[in-house]
Amino acid sequence: EPEVTQTPSHQVTQMGQEVILRCVPISNHLYFYWYRQILGQKVEFLVSFYNNEISEKSEIFDDQFSVERPDGSNFTLKIRSTKLEDSAMYFCASSLRQGARNEQFFGPGTRLTVL
Amino acid sequence: QQQVKQSPQSLIVQKGGISIINCAYENTAFDYFPWYQQFPGKGPALLIAIRPDVSEKKEGRFTISFNKSAKQFSLHIMDSQPGDSATYFCAASGSYRTSYGKLTFGQGTILTVHP
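Residue numbers (this note's numbering), protein chains in the order written: chain H, 587 to 701; chain U, 103 to 217.
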């Protein structure tokens, strides 16, 4: 069964450093998403991406964040200068079609710890 | 207005019992209401979803009840099994006209089913 994969599973970084979280969506999917979950809190939407452009982003997704699909398989989330409050589990998701009623498949997540 | 409120935070049920998790929303533009199941170390996985034009949807032991006028929906797990022990998230999303698939999640419910 096809699945979304994410690397690394755990990333530890120092405050102010740049991190890149990587995702490989399901191969025929066209729509890509990042969500995050701070420990003990709910899953929060960060950004959606289609056709090499951001479709929608939340207020969390400020200038410190960027996304890219550098090749035909990877989808990355970059945090330019990490803050302590960026510590969270980051989930990548993908879907085949656009819109609200299309199932999003989630990866296992990357746990980011900022020290 | 974008919030989805979920209760209870945690739930303990005996094997064979019924587990009930409730969610409420405010945004009337939401038109898709999925439930996600998450096991430790895994990303959320779609369990069952409903649209507001029906009041109930059943898939095996899992049933969503939807009350459009009250803006509430709930997940019922019949004959709960220890293997159902997981975190459950309700979510909501807008139509394809207003949303690129952004999911708004509830806070999550940790379900424990005792054998």
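Glycine residues also receive a C-beta, built at the ideal position from the N, C-alpha and C atoms.
This structure is a prediction, so every number in the text was calculated from the model and none was measured.
With a cut-off of 8 Å, does the C-beta of U:LEU177 fall near any C-beta of chain H? Chain H, which has no Cβ nearer than 8 Å to the Cβ of U:LEU177, makes this no.
Can you tell me whether DSSP reads U:GLY196 as helix, strand or coil? The three-state reading of DSSP puts U:GLY196 in strand, counting E and B together.
On the three-state DSSP scale, how would you describe U:PRO184? The answer is helix: DSSP assigns U:PRO184 an H, G or I state.
Report the neighbours of U:PHE191 on chain H: residues whose CB is nearer than 9 Å to its CB, in chain order. Going along chain H in sequence order, the residues near U:PHE191 (Cβ under 9 Å) are LYS628 and VAL629.
Indicate whether U:ILE152 and U:LYS160 have their beta-carbon atoms separated by less than 8 Å. No, they are not a contact pair.
Please look up how many angstroms separate the CB atoms of U:PRO146 and H:PHE618, rounded, as I've assumed it's under 8 Å. So it is not a contact: roughly 16 Å between Cβ atoms.
In the structure shown, what three-state DSSP assignment does U:GLU158 receive? U:GLU158: strand per DSSP, three-state reduction.
Using DSSP's beta-bridge definition, name the partner residues of H:PHE635. The secondary-structure analysis by DSSP pairs H:PHE635 across a beta bridge with H:PHE618 and H:ILE640.
What does the Cβ neighbour count give for U:PHE141, buried or exposed, with the cut at 16 atoms within 10 Å? With a threshold of 16 other beta carbon atoms within 10 Å, U:PHE141 falls short and is exposed.
Anything in chain H within Cβ reach of U:LEU205, meaning under 9 Å, just list it in chain order. TYR619, TYR621, VAL629, PHE631, ALA679, ALA686 and GLN690, listed in chain order.
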